[in-house]
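**Q** Structure below; questions to follow.
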Amino acid sequence: MEQERMKELLRQYKAGALDEGQMLMELRREPFVDMGFAKLDTHRGVRQGMPEVIYGAGKTKEQILAIAEKMLEQSIEPVLITRMSKEAADYVLEALKGQKYKYESLSGTCIVGQMPKPTGHGFIVVATGGTSDIPVAEEAALTAEAMGNEVKRVYDVGVAGIHRLFAHTEDMMGASVIIAVAGMEGALASVIGGIANCPVIAVPTSVGYGANFGGLSALLSMLNSCASGVSVVNIDNGFGAGYQASLINHIRRLH
Numbered sequence: 004m005e006q007e008r009m010k011e012l013l014r015q016y017k018a019g020a021l022d023e024g025q026m027l028m029e030l031r032r033e034p035f036v037d038m039g040f041a042k043l044d045t046h047r048g049v050r051q052g053m054p055e056v057i058y059g060a061g062k063t064k065e066q067i068l069a070i071a072e073k074m075l076e077q078s079i080e081p082v083l084i085t086r087m088s089k090e091a092a093d094y095v096l097e098a099l100k101g102q103k104y105k106y107e108s109l110s111g112t113c114i115v116g117q118m119p120k121p122t123g124h125g126f127i128v129v130a131t132g133g134t135s136d137i138p139v140a141e142e143a144a145l146t147a148e149a150m151g152n153e154v155k156r157v158y159d160v161g162v163a164g165i166h167r168l169f170a171h172t173e174d175m176m177g178a179s180v181i182i183a184v185a186g187m188e189g190a191l192a193s194v195i196g197g198i199a200n201c202p203v204i205a206v207p208t209s210v211g212y213g214a215n216f217g218g219l220s221a222l223l224s225m226l227n228s229c230a231s232g233v234s235v236v237n238i239d240n241g242f243g244a245g246y247q248a249s250l251i252n253h254i255r256r257l258h
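The following block contains the structure:
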């Protein structure tokens with residue numbers, strides 16, 4: 004990742020392997036690369052600890068490939084691509100033969116390049132109310148893994164059969180942060196928030212019948228949770244939840 008590359012440059016400069024001019028040239032090419040249709044933020048990993056992510060929806064397969072190739076050229080990996088169609092994935096991965104990759108078709112999430120070793124201070128639990136919530140949950144889980152976290156998946160443990168959740172109490176109590184993904188009435192986040200001793204990130208999904216209003220009912224339920232320590236991201240925003248969970252899991256503990 005970019006922070007490691009920057010550290011290596013500093014080590015080389017300190018050791019005398021790079022002179023001031025060479026170091027200055029490396030720093031000058033850091034901020035962004037203007038590709039015409041996109042401006043690749045090559046400095047984001049240094050600022051935030053995670054490289055720019057390619058949002059696949061709305062981009063052509065050619066644009067996705069060009070950005071991914073430029074990131075790999077700049078030694079930015081892994082390349083995380085979200086909301087990527089199967090057609091785009093087939094096209095991009097065929098062009099990037101020889102690169103390690105993982106494509107999860109349910110969520111449309113693709114990771115190209117070397118996955119980092121877990122560097123978080125604990126593990127993240129991703130839990131879903133039902134099987135239909137798994138696409139959003141996988142986006143969250145894969146995002147967190149691409150950011151260097153150990154992730155434990157606990158799927159289909161919603162309130163319609165709450166005893167299924169209690170079978171995973173040990174994981175819930177041991178996690179650094181929990182992502183609760185649920186549609187319908189979104190009650191799972193409040194239940195987990197009432198038994199967990201760590202931050203809970205609630206992700207409402209658009210799964211549900213009629214008056215679910217495309218996930219709005221779950222969103223409002225989660226926003227009105229009476230359980231302490233529950234925060235909420237937008238409807239179907241697995242990426243945002245995974246990113247936030249990673250930030251929490253990488254905060255240095257005082258004890």
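Whatever position you read off the sequence shown (first residue = 1), add 3 for the working numbering.
Heads up, the beta-carbon is just placed ideally off N, CA and C, and yes, glycines get one too.
1. From Ser268 to Tyr58, what distance separates their C-alpha atoms?
2. Thr122 lies in the beta strand (DSSP E); which residues open and close that run?
3. Look at the Cβ atom of Ala130, then the Cβ atom of Ile195, and state whether they are nearer than 8 Å.
4. The ligand ZN heavy atoms versus the CB of Asn237: any closer than 7 Å?
5. Which residue from Ile198, Phe169 and Val115 puts its Cα closest to that of Glu148?
6. When the Cβ atoms of the region 203-211 are set against those of the region 167-174, are three or more pairs found closer than 8 Å?
7. Considering only DSSP beta bridges, list what Ala205 is partnered with.
8. Taking the alpha carbon of Gly197 as the point to measure from, which residue in Ala214, Met225, Leu219 and Lys120 has its own alpha carbon closest?
9. Could you name the residues of the same chain whose beta carbon sits closer than 7 Å to that of Glu107, not counting the 5 residues immediately before and after it, in chain order?
10. Could you give the residue range of the beta strand (DSSP E) that holds Glu153?
11. Give me the Cβ distance between Cys201 and Val235, rounded to the nearest whole Å; I'm assuming they're in contact under 8 Å.
12. Can you give the Cα-Cα distance for Glu80 and Gln102, rounded to whole angstroms?
13. Just the C-alpha distance for Gly232 and Ala143, rounded to the nearest angstrom, thanks.
14. Expressed to the nearest angstrom, what Euclidean distance is found between the alpha-carbon atoms of Lys17 and His46?
15. Who are the near neighbours of Gly111 in its chain, counting only those whose CB is closer than 6 Å to its CB and skipping five residues on each side?
16. Which same chain residues, not among the five before or five after Gln2, have their C-beta less than 8 Å away from its C-beta?
17. By a C-beta neighbour count over all protein chains shown, 10 Å radius and 16 as the cutoff for buried, is Ala60 buried or exposed?
18. Let me make sure I understand the geometry here. Which of Val157, Ala214, Gly217 and Ile251 has the alpha-carbon closest to that of Leu191?
19. Considering only C-alpha positions, which residue in the set Leu250, Ser193, Leu223 and Met9 is nearest to Asn237?
20. Give me the Cβ distance between Gly151 and Gly123, rounded to the nearest whole Å; I'm assuming they're in contact under 8 Å.
21. For Pro54, is the classification buried or exposed, using 16 other Cβ atoms within 10 angstroms of its Cβ as the cut-off for buried?
22. Below 8 Å on the Cβ atoms is my contact criterion, and I expect Ile70 with Leu43 to pass it. Report the Cβ-Cβ distance as a whole number of Å.
23. Of all the alpha helix (DSSP H) runs that stay within the bounds of the region 50-110, which reach a length of 4 or more residues?
**A** Reading from the atomic positions:
1. Given that the chain is displayed from residue 4 to residue 258, the structure contains no residue 268 and the question cannot be resolved.
2. Position 119 of the sequence shown, counting from 1, holds the residue named residue 122. Careful: Thr122 lies outside any beta strand (DSSP E) and carries neither H nor E.
3. Start at 1 with the first residue of the sequence shown, and residue 130 comes out as number 127. Start at 1 with the first residue of the sequence shown, and residue 195 comes out as number 192. A contact, by the Cβ cut-off of 8 Å.
4. The ligand ZN is not part of this structure, which contains no ligands at all.
5. Within the sequence shown, residue 148 is the residue found at index 145, counting from 1. The candidate whose alpha carbon is nearest that of Glu148 is Val115.
6. no
7. For the purposes of this step, residue 205 is taken as residue 202 along the sequence shown, with counting starting at 1. The partner list for Ala205 (beta bridge, DSSP) reads Ala183 and Val235.
8. If you number the sequence shown from 1, residue 197 lands on position 194. Ranking Ala214, Met225, Leu219 and Lys120 by Cα distance to Gly197 puts Met225 first.
9. Along the sequence shown, one-based indexing puts residue 107 at 104. Once the five neighbours on either side are set aside, the close Cβ partners of Glu107 are Glu141 and Leu145.
10. Here residue 153 refers to the residue found at position 150 of the sequence shown. Segment Glu153 to Val157, the beta strand (DSSP E) holding Glu153.
11. Here residue 201 refers to the residue found at position 198 of the sequence shown. Here residue 235 refers to the residue found at position 232 of the sequence shown. That belief does not hold up - the Cβ atoms of Cys201 and Val235 are roughly 16 Å apart, past 8 Å.
12. As a position in the sequence shown, residue 80 is number 77, starting the count at 1. As a position in the sequence shown, residue 102 is number 99, starting the count at 1. Taking the straight line joining both Cα atoms gives about 11 Å.
13. Stepping through the sequence shown from its first residue, residue 232 is reached at position 229. Stepping through the sequence shown from its first residue, residue 143 is reached at position 140. Those two C-alpha atoms are separated by around 19 Å.
14. As a working note, residue 17 is residue 14 in the sequence shown. As a working note, residue 46 is residue 43 in the sequence shown. Straight-line Cα distance between these residues: approximately 21 Å.
15. Position 108 of the sequence shown, counted from the start, is the residue given in the question as residue 111. Within the same chain, Gly111 has close Cβ partners Arg86 and Met87.
16. The first residue shown for the chain is 4 and the last is 258, placing residue 2 beyond what the model contains.
17. Residue numbering aside, residue 60 sits at position 57 when the sequence shown is read from its first letter. Answer is exposed; the Cβ neighbour count stays below 16.
18. Here residue 191 corresponds to residue number 188 of the sequence shown, with the count starting at 1. Residue Val157 is the option with its Cα nearest to Leu191.
19. In the sequence shown, residue 237 corresponds to position 234, counting from 1. It is Leu223.
20. Counted from its first residue, the sequence shown places residue 151 at position 148. Counted from its first residue, the sequence shown places residue 123 at position 120. Contact holds; Cβ gap of about 6 Å.
21. As a first step, residue 54 is located in the sequence shown; it is residue number 51 there, counting from the start. With 16 or more Cβ atoms within 10 Å of its Cβ, Pro54 is classed as buried.
22. Counting from one through the sequence shown, the residue named residue 70 turns up at place 67. Counting from one through the sequence shown, the residue named residue 43 turns up at place 40. 6 Å between Cβ atoms; contact.
23. 64-76 and 89-98
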